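J.: Handing you a structure now.
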Amino acid sequence: MEPHLERDQLALLLRVNTILSSTLELDEVLDNLIEQVVEAFEAERCFVVMRQGDGWRLVAGRALDAEASEQAYNYSRNVIEKVANEGVGLLCTDAANDADFHHYGSITLMSIHSIMCVPLRWGGEVKGVVYADHRIRSGVFKQGHLVLLEAVADQAARALENAALYAELQRVHQSSLEQARAELAETQSQLFEASKLAAVGQLAAGIAHEINNPLGVLALNLTALTPKLAEAGLQRRTELMTRAVGRCRDTIDRLLRFAHPARAERRLFRLDQTLEETVDLLRHGLEKLEIEVECHLEPVEVEGEEAQLAQVFLNLILNARDALAQTILRRLEIACSVEDGQARVRLSDTGVGMPQEVMRRVFEPFFTTKPVGQGVGLGLAVSYQIVKDHGGSLTVDSKPGQGTSFLLQLPLESKCRPES
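All you need for this note's numbering is the position in the sequence shown, starting with 1, plus 7.
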């Protein structure tokens, strides 16, 4: 090779390398590659064709007479597949008159004379090809041009691989960003719902106080009037009214305990009685849904914050209620006992159950399978933390269509005493 030709080729490779490595944008890399091939080899047309599944896709191209012909971007699939399958470059100086190319219909149809095609290879396999041709002149491309185009294609392959990796990185980043934004919006919505729940709790406490005052007056006057009502033969009705007032006061007391759990102190209390009170608090709603509740409550005394554990029972029963509302057979079994030196409470329902992927996340904060507005995913997460703070454990066992069972275990004596 003559020295000046060798210098020209080295200069071309250096220029191509500089231009191709100047950007990581895939479209810009392809456009730069096409421009350099057309200019350096005096090609009439140049295409970059990439594998796509079982076929091929033209990803970039240039034809000098693109406006004059609708077929300006047609190429020979046979040439593309031959180069890709064999993995070596192809050169033909006069394809229109070469017997080896007569069975390539597109070449004959378009009267293509000069052809060069080389593979684009990275990652150990051919990803595509660079194709150049001239439909008027023969002998435009020489053997040295093919060798040079192969070197250019090697540089282009590295640039295309980097651009593809960059594009994938951007896609993943954008996807992660969109997911993070969606999760942030969801979290904000859930926090808003949680704040509304807190406000509802405060409102309930205020209403409870407002009801408690006239209820006290009613109870006091009822006590004072009881002898006279009895004389008038209204003793039975008086007893009914007294019990009704008592139930109202019990309900108000429970609402106040649920609304202000922080005021509670750890003390010994009957876990079975707290559980029974919680069931009574929700009994009307359970009966309305025709849910059969079966309780097996043995006397169990534990040390802890009664209001907090009552909140746990409330959350678990409400969770069971929602699951049972979707089934025909509606039964909730609640058991309380002492086993292996621990207090155990088991709540088992015949509801819809949960698949494994849901069961694994059921105690995550803000995780919920309920429709928007019907749950914020805090009940079970809060319950789990309360039980953990009491030195106990809360586990779940469930299968789709076979119901769900929650098991709460607590030490009989608190392992998590507050510091004095």
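From the three backbone atoms N, C-alpha and C, an ideal C-beta is built for every residue, glycine too.
All figures in this text were calculated on a predicted structure; none of them were measured in a lab.
#1: CB PHE148 to CB LEU97, shorter than 8 Å?
#2: From what residue to what residue does the beta strand (DSSP E) around ASP404 run?
#3: In angstroms with no decimal places, state the Cα-to-Cα distance between GLY386 and PRO407.
#4: For PRO31, which residues in the same chain have their Cβ closer than 7 Å to its Cβ, ignoring the five residues on either side in sequence?
#5: Classify ALA314 as helix, strand or coil using the three-state DSSP reduction.
#6: Please state whether DSSP places TYR80 in a helix, a strand or coil.
#7: Compare the beta carbon distance of GLY360 and ARG328 with 8 Å and say whether it is the shorter of the two.
#8: Just list the residues that DSSP pairs LEU184 with in beta bridges.
#9: Do you know offhand how far ALA160's Cα is from VAL137's?
#10: Taking the Cβ atom as the reference point for each residue, do ALA350 and LEU278 lie within a distance shorter than 8 Å?
#11: Quick one: is ASP396 buried, meaning 16 or more other Cβ sit within 10 Å of its Cβ, or exposed?
#12: Alpha carbon to alpha carbon, how far is HIS180 from GLU35? Give it in angstroms, no decimals.
#13: For the 8 Å Cβ check, are there 3 or more pairs between the stretch 98-108 and the stretch 49-60?
#14: Quick check on this structure: which residue in PRO372, GLN150 and VAL125 has the alpha carbon closest to the alpha carbon of GLU93?
#15: For VAL95, does the three-state DSSP call read helix, strand or coil?
#16: Helix, strand or coil: which one does DSSP assign to ALA350?
#17: Among VAL252, GLY131, GLN416 and ALA50, which one has its Cα closest to the Cα of ILE119?
#18: How big is the Cα-Cα spacing for ARG52 and ALA187?
#19: Could you compute how far the alpha carbon of GLU238 sits from the alpha carbon of THR230?
#20: Using only alpha-carbon positions, find the residue among ALA332, ASN85, GLU193 and GLU283 that is nearest to GLU297.
#21: GLU312: which of ALA91, GLU190 and SER390 sits nearest, CA to CA?
#22: Look at the Cβ atom of THR357, then the Cβ atom of LEU323, and state whether they are nearer than 8 Å.
#23: Under 6 Å Cβ to Cβ from LEU33, same chain only, skipping five residues before and after it: list those, please.
#24: For PHE320 and THR285, which I take to be in contact (beta-carbon distance under 8 Å), what is that distance rounded to the nearest angstrom?
#25: Report the residue from LEU176, LEU167, CYS255 and LEU232 whose alpha carbon sits nearest the alpha carbon of THR245.
#26: Closest by CA to GLN315, which one among VAL95, VAL66, GLU301 and LEU282?
#27: Identify whether ARG368 lies in helix, strand or coil by the three-state DSSP scheme.
T.: Let's see:
#1: No, they are not a contact pair.
#2: 400-405
#3: 21 Å
#4: Before going on, a small fix: residue 31 reads as Leu here, not Pro. Non-local beta-carbon contacts of LEU31 in its own chain, meaning distances under 7 Å to residues more than five positions away in sequence, involve ASN169, ALA170 and TYR173 in chain order.
#5: helix
#6: coil
#7: no
#8: Looking at the DSSP assignment, LEU184 forms no beta bridge with any residue, so it has no partner.
#9: 7 Å
#10: Taking the C-beta atoms as reference points, LEU278 is found nearer than 8 Å to ALA350.
#11: exposed
#12: Rounded to the nearest angstrom, the gap between the Cα atoms of GLU35 and HIS180 is 21 Å.
#13: no
#14: VAL125
#15: It is coil, neither helix nor strand.
#16: strand
#17: ALA50
#18: 45 Å
#19: Cα-Cα distance, rounded: 14 Å.
#20: Among ALA332, ASN85, GLU193 and GLU283, the Cα nearest to that of GLU297 is on ALA332.
#21: SER390
#22: no
#23: Taking C-beta separations shorter than 6 Å and ignoring five residues to either side along the sequence, the partners of LEU33 in its chain run ALA170 and ALA174, following chain order.
#24: 4 Å
#25: LEU232
#26: LEU282
#27: coil
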